[in-house]
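Quick notes on the structure that follows.
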Amino acid sequence: MHTLEVGLVPAPAREPRLTCWLRRGSAILAHLVALGFTIFLTVLSRPGTSLFSWHPVFMALAFCICMAEAILLFSPEHSLFFCSRKARIGLHWVGQTLAILCAALGLGFIIASRTRSELPHLVSWHSWVGALTLLATGGQALCGLCLLFPRAAGVSRVARLKLYHLTCGLVVYLMATVTVLLGMYSVWFQAQIKGAAWYLCLVLPLYPALVIMHQISSSYLPRKKTEM
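Note that the numbering used here has the sequence shown beginning at 3, numbered continuously upward.
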């Protein structure tokens with residue numbers, strides 16, 4: 003008769019050192035690409051030369067820096083901050099709040115610019131997807147508030163709401179990435195960047211998006227599903 007050993011859990015396989023370093027390297031590259039692309043857009047926009055010039059600057063700060071970093075900091079390999087989970091949640095809120103403020107400023111500048119120039123609003127795919135992204139960002143912020151204060155919000159199934167927040171957060175960031183890509187098809191951008199440089203710019207925002215998508219889909223979504 004065979005005896006059963008109860009309570010013994012096999013140790014998880016140790017990740018190869020090369021894989022670990024590759025993941026850390028990809029994370030560092032994601033930070034550098036996000037920062038470099040934001041600096042590039044800022045220089046290209048020449049902020050202060052017109053009302054419109056502030057629109058790309060604040061939108062890049064909102065989504066390429068603040069929102070991206072607010073998501074990446076939850077991963078040990080991707081985060082620039084070595085702190086507790088509670089501190090990471092606080093930093094996540096700081097990043098997302100800054101993202102909303104910068105996005106609101108960017109929206110205000112583009113509305114003011116087009117109004118002054120007597121140009122119609124919402125006439126391109128870039129503007130429509132951007133507007134939907136802003137609305138979705140606001141919805142995510144409300145969802146985050148419910149997770150931060152579940153009792154006050156009357157939330158009974160916190161684990162399920164966390165799963166929705168993670169999934170929708172990924173969708174919102176991908177929508178922001180699509181908005182940035184559509185902006186590169188604008189007359190303003192194509193008048194300044196042409197040829198191979200334009201295709202390089204088209205690829206750059208995709209890299210942080212791929213890193214974030216892999217982080218959420220492979221690490222957090224499976225774990226949240228098991229908690230439900």
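For glycine and all other residues, C-beta sits at the position ideal for the given N, C-alpha and C.
Keep in mind the model is a prediction, meaning the values are calculated, not measured.
- Using a 10 angstroms sphere on the CB of residue 128, the tally of other CB atoms reaches 16 or more, which defines it as buried.
- The continuous alpha helix (DSSP H) containing residue 71 extends over residues 70-74.
- With a 10 Å radius around the Cβ and a threshold of 16 neighbouring Cβ atoms, residue 50 comes out exposed.
- The Cβ atoms of residue 170 and residue 42 do not sit closer than 9 angstroms to each other.
- Within the same chain, and ignoring the five residues on either side of residue 160 in sequence, the residues whose Cβ sits closer than 8 angstroms to its Cβ are 149 and 152.
- Assignment of residue 194 by DSSP, reduced to helix, strand and coil, places it in the coil class.
- Burial state of residue 187 is exposed, judged by a 10 Å Cβ sphere holding fewer than 16 other Cβ atoms.
- Unbroken alpha helix (DSSP H) stretches of 4 residues or longer found wholly inside the region 100-180: 127-150 and 152-155, given in chain order.
- One thing to note: residue 177 has its Cβ within 9 angstroms of the Cβ of residue 134.
- Residue 184 places its beta carbon 9 angstroms or farther from that of residue 115.
- Residue 65 is positioned such that its CB atom lies closer than 9 angstroms to that of residue 105.
- Annotation: residue 58 to residue 154 spans about 37 angstroms, alpha carbon to alpha carbon.
- Sixteen is the threshold: since fewer than 16 other Cβ atoms of the shown chains lie within 10 Å of the Cβ of residue 192, the residue is exposed.
- The C-alpha of residue 172 is placed about 28 angstroms away from the C-alpha of residue 190.
- Here residue 46 has 194 as same chain residues with Cβ atoms under 7 angstroms from its own Cβ, once five neighbours each way along the sequence are excluded.
- A Cβ-Cβ separation of about 5 angstroms places residue 75 in contact with residue 90 under the 8 angstroms criterion.
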